[in-house]
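61 is the number of the first residue of the sequence shown in this note's numbering; add one for each residue after it. Yeah, the Cβ is synthetic: ideal placement off N, Cα and C, and Gly gets one too. Quick caveat, the model's predicted, so the values are computed rather than measured.
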Amino acid sequence: MEGLLREAARGLRARLPRRLQVSFRPLAEAYFRTTARGGELRVVVNDAFDDAPVGVMASMAEVIVARASGAARPREVGIRFWAYVETDPLRERMQRNYLARQRSFDPEPNGRAWDLDDLFDRVNEEYFEGALERPMLGWTRRPITYRWGWYSSMVRPHGLIVINCLLDDPQVPEFVLEGTMHHEMLHMLKDTKVVNGRRVVHTSEFRRAEMDFDRYGELRPEYRKVLNRYARRLSRGSQGSRGRRPRR
61 MEGLLREAAR GLRARLPRRL QVSFRPLAEA YFRTTARGGE LRVVVNDAFD DAPVGVMASM
121 AEVIVARASG AARPREVGIR FWAYVETDPL RERMQRNYLA RQRSFDPEPN GRAWDLDDLF
181 DRVNEEYFEG ALERPMLGWT RRPITYRWGW YSSMVRPHGL IVINCLLDDP QVPEFVLEGT
241 MHHEMLHMLK DTKVVNGRRV VHTSEFRRAE MDFDRYGELR PEYRKVLNRY ARRLSRGSQG
301 SRGRRPRR
């Protein structure tokens, strides 16, 4: 893999650190991770790719180099890699690994205050004409302060939606849960685009669609209230950490 990275760097006219450290490890969801420190680039590749074709790994190397170096990305960079990650054998392997390795969420939709099955069904009927099949639904195991939820296509057949357990609170208005669910459900419909070798999830089309939620403009102030309540709990000695402001 180190040789493929060097070759990709030459092809993209990019500069890499003199020292490269590459390993294949059991990552839960990421295809790869990179860390640059002290003149060394460390690359960790998901072990689901340990038997991928050389051409796919060369294409992955292009994506890694482009991201790590900030080099200009021709349109064709990473095309073979992104096509490979959509193939059934890899997706099935990634799903098995993901569900076995993840520790971030509980695949139980019935929370302390809110039931995600009910929320999904209501939003589906009101905004999607009941057209979406229900995915796996769950809550984060611990409060997180950097996002309110996420969608993953890793889990088949209909994907996975996880909602931040900070919202599983009777003090949180129902429309906030519905707005959060609406946002994640849009990911089930809106295609991810690859631009300059990088996947773009929140496209301009996506941002326009999420504004279709009736009370979209009221969501951000309510999210701030949730964060403020959590901060007060922390100040009273509750366990947890502040972290970054959640993203949507």
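Query: Between Gly239 and Arg275, what straight-line distance do the alpha-carbon atoms span, to the nearest angstrom?; Result: 8 Å
Query: So Tyr144 and Val116 are in contact, right, with Cβ under 8 Å, and what is the actual spacing, rounded?; Result: 5 Å
Query: Report the three-state DSSP secondary structure of Tyr211 (helix, strand or coil).; Result: strand
Query: Is there at least one non-hydrogen atom of the ligand ATP closer than 7 Å to the beta-carbon of Met196?; Result: Among the ligands in the structure shown, none appear at all, so the ligand ATP cannot be discussed.
Query: Return helix, strand or coil for Met154, following the three-state DSSP convention.; Result: helix
Query: Looking at C-beta atoms only, is the number of pairs between the segment 93 to 108 and the segment 74 to 85 that lie closer than 8 Å three or more?; Result: yes
Query: Would you identify the three-state DSSP class for Phe141, choosing helix, strand or coil?; Result: helix
Query: Quick check on DSSP: helix, strand or coil for Thr240?; Result: helix
Query: Which residue from Gly130, Arg70 and Glu136 puts its Cα closest to that of Thr94?; Result: Gly130
Query: I need the DSSP call for Ala96, collapsed to helix, strand or coil.; Result: strand
Query: In its own chain, which residues sit with a C-beta less than 8 Å from the C-beta of Asp177, not counting the 5 before and 5 after it?; Result: Pro169, Asn170, Arg194 and Leu197
Query: Sorted by chain position, which residues of the same chain lie with C-beta nearer than 6 Å to His247's C-beta, five sequence neighbours on each side aside?; Result: Tyr211
Query: In whole angstroms, give me the CA-to-CA distance for Trp142 and Leu64.; Result: 17 Å
Query: Quick one, which of Pro167, Phe92 and Phe180 has its alpha-carbon nearest Met154's?; Result: Phe92
Query: Looking at C-alpha atoms only, which residue of Ala96, Glu146 and Leu227 is the closest neighbour of Ala112?; Result: Glu146
Query: Determine the burial state of Gly219: buried for a count of at least 16 other Cβ atoms within 10 Å of its Cβ, exposed for fewer.; Result: buried
Query: How is the beta strand (DSSP E) around Ile204 delimited, first residue to last?; Result: First-last for Ile204: undefined, no H or E at that position.
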